[in-house]
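With my numbering, letter number 132 in the sequence shown gets 132, and the count goes up by one each step, no holes.
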Amino acid sequence: MTDTRSSKRARCTADTSGGEQNMGYKQSDAFWLRDGNIILVADSVAFRVHQSVLERKSEVFKDMLGLPQPDNADSESLEECALVHVSDAAEDIGHLLSVLYDGDRVFGRKSPISMKLVFALLQLAIKYEIDYLRDEAIAILQMIYAPSYDEYVEHQQEDSALRVTDRRENQDPIIVINLAWKHGLHSLLPGAFFACAKLPTKELARATKGSLREDDLTRLSDEDLERCLNGRATLQAKYFSRFRSARMREIAPTCPGNSGCETVLENLWEDLVASGMEDIFGFRFDPMEEVGWEVYFLFCDACREFHESQDNVERMHIYRGLADTFDLKRFLQGDSDAQSAN
Numbered sequence: 001m002t003d004t005r006s007s008k009r010a011r012c013t014a015d016t017s018g019g020e021q022n023m024g025y026k027q028s029d030a031f032w033l034r035d036g037n038i039i040l041v042a043d044s045v046a047f048r049v050h051q052s053v054l055e056r057k058s059e060v061f062k063d064m065l066g067l068p069q070p071d072n073a074d075s076e077s078l079e080e081c082a083l084v085h086v087s088d089a090a091e092d093i094g095h096l097l098s099v100l101y102d103g104d105r106v107f108g109r110k111s112p113i114s115m116k117l118v119f120a121l122l123q124l125a126i127k128y129e130i131d132y133l134r135d136e137a138i139a140i141l142q143m144i145y146a147p148s149y150d151e152y153v154e155h156q157q158e159d160s161a162l163r164v165t166d167r168r169e170n171q172d173p174i175i176v177i178n179l180a181w182k183h184g185l186h187s188l189l190p191g192a193f194f195a196c197a198k199l200p201t202k203e204l205a206r207a208t209k210g211s212l213r214e215d216d217l218t219r220l221s222d223e224d225l226e227r228c229l230n231g232r233a234t235l236q237a238k239y240f241s242r243f244r245s246a247r248m249r250e251i252a253p254t255c256p257g258n259s260g261c262e263t264v265l266e267n268l269w270e271d272l273v274a275s276g277m278e279d280i281f282g283f284r285f286d287p288m289e290e291v292g293w294e295v296y297f298l299f300c301d302a303c304r305e306f307h308e309s310q311d312n313v314e315r316m317h318i319y320r321g322l323a324d325t326f327d328l329k330r331f332l333q334g335d336s337d338a339q340s341a342n
C-alpha cells in the first residue's frame, strides 16, 4: 500500500537569512541553523535543526523521524532536508528548541523565566516524552503553586531564587488547574486553587465563559468554579479563626502583667476584623497574609512572641488544609506523581 503521508523533502541550502520565505514557509529567526539537516514546520514556520539533537532528547522524535520516507517525484537530492509537520504552535516549538539547544541559559536560576515558556515546555515535554524537561517544568510550577507549607514560605521570601516573567495573575492559576487535571499532576491543584480563589468573582465568572475548545486552558469548568467559591468561603472563616488567641485575649504565660497586653489584644482583634472585611469586599483577601507583629510595640516581648508563634501555627494549618478546603483530598491520596499537600 502506498504511504500517503505528506512528507515532502525541501531543498536546504546554507541560507541563514532568517525570516525569508522558503516553499511558502517562514524561516524561524532563532532556529534556521546553517548545518541543520531536518526541518520542523509548525504554523507555517520552518525550523531548521539537527535530527540527532531531537532524537537524543526524545524517544518520540526518534521513532517519528526514524520512519522511512517515501520516494516521490518532488524529492531533491542536493543538500536535502526532511520536512516534518507538527501540530504544535510555532511559539511553543520555539520554546522547546530554545531549551534543547540553550538549556543552561534558559533554565539558569539567576535568569528570569517566562511563564509561557514553562507552560509550553510542560505540554511538549509530556507529548514528546522528554522526561527531564517535564520534571523541570513541574518543579518550577511547584515553586509557585507550592504543594507544601514549607515550600510556600520559601517562595514567599523576597530573596527567592525564582524570577518569573509574563505572568497573568487572572489566568495562570486556571491554566495550571487545567494542566494538572489533564496530565494527572494533582500535587499542583491545592496551590493553584488557592491562587484562583483569591481572584475577583467577576474574573472567575468570566473564565467560565471561555471557549469550549478542548485545548482552551484558560476556561474554568463549572465544577472548578464551585470549588473556588466554596473554598474561598472556607478560607474566609479560617482567616478569622486564625486569630482566636487574640480574640480570646490570651496572654503569654510569662507576661509580666504590667504592659496592658489584654487591652492591646482587644484592639488588635478589632483591627484584624476590620482590615480582613475590607480586604474581602475589596477582593484583596489573602488568608495567609503575614501580620507585622513587631509593629504592635505596646505588647510585652513575651506576648508578642507568643502570638506570633500561634499565628505561624495557624497559617501552617490553613495551607496544609487546602486539599480539604477545595475538596481535593481524594485526588491526592495514593497519587504517585503528586507530593502530599501536607
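Even glycine gets a Cβ: it sits at the ideal position worked out from N, Cα and C.
Check the Cα spacing between Asp29 and each of Ala90, Leu65, Leu83 and Val86: the tightest is with Ala90. Where Val313 is concerned, the enclosing alpha helix (DSSP H) starts and stops at Asp301 to Arg320.
In the DSSP assignment, Asp224 falls within the alpha helix (DSSP H) that extends over Asp222 to Arg242. Nearest neighbour of His95 by Cα position, chosen from Asp88, Ala82, Arg56 and Leu117, turns out to be Leu117. Judged by DSSP secondary structure, Cys81 falls outside any alpha helix (DSSP H) and instead within the beta strand (DSSP E) spanning Glu80 to His85. Distance between Phe326 and Phe193, taken at the CA atoms: about 7 Å. Below 8 Å, too few C-beta pairs join the region 305-322 and the region 132-143 to call them touching: fewer than three. Taking His317 as reference, the option from Glu136, Ala46 and Tyr152 with the minimal CA-CA separation is Tyr152. Bounds of the beta strand (DSSP E) holding Leu40 are Ile38 to Ala42. The C-beta separation of Tyr149 from Tyr319 comes to about 4 Å, placing the pair in contact by the 8 Å criterion. Shortest Cα-Cα distance from Leu204 to any of Asn230, Ala246 and Ala252 involves Asn230.
Distances from the CA of Gln171 to each of Thr208, Pro147, His186 and Asp135 were compared; the closest alpha carbon is that of Thr208. Secondary-structure assignment with DSSP links Ser259 through no beta bridge to anything.
The region 125-163 contains, as complete alpha helix (DSSP H) runs of 4+ residues, the segments 131-144 and 149-156 (chain order). A direct Cα-to-Cα measurement between Leu54 and Lys62 gives close to 7 Å. The secondary-structure analysis by DSSP pairs Ile113 across a beta bridge with Val164. Per DSSP, Ala46 is one residue of the beta strand (DSSP E) stretching across Val45 to Val49. Inclusion of His186 and Ile126 in the CB contact set at 8 Å is not warranted, their separation being larger than that value. Contact check for Arg48 against Leu65 fails: the beta carbons are separated by 8 Å or more.
With respect to Val176, Leu188 sits close: the two C-beta atoms are nearer than 8 Å. Excluding five sequence positions before and after Leu298, the CB atoms of its chain that fall closer than 6 Å to its own CB belong to Val264, given in chain order.
Here Trp32 is bridged, per DSSP, to Arg48. Trp293: not part of any alpha helix (DSSP H); DSSP gives it neither H nor E. Asp327 carries a coil assignment under DSSP once its states are collapsed to helix, strand and coil. Ranked by Cα distance from Asn258, the first of Phe119, Cys303, Glu289 and Leu217 is Cys303. Distance between Glu154 and Gly191, taken at the CA atoms: about 14 Å. Comparing C-alpha distances from Ile113 to each of Ala137, Ser241 and Phe240 shows the shortest one belongs to Ala137.
DSSP, reduced to helix, strand and coil, places Glu55 within a helical segment of the structure shown. Cβ contact annotation for Arg242 (same chain, cutoff 6 Å, sequence separation greater than five): Glu314, in chain order. Distance check between Lys57 and each of Lys198, Arg249, Ala274 and Asp131 places Asp131 closest, using alpha-carbon atoms only.
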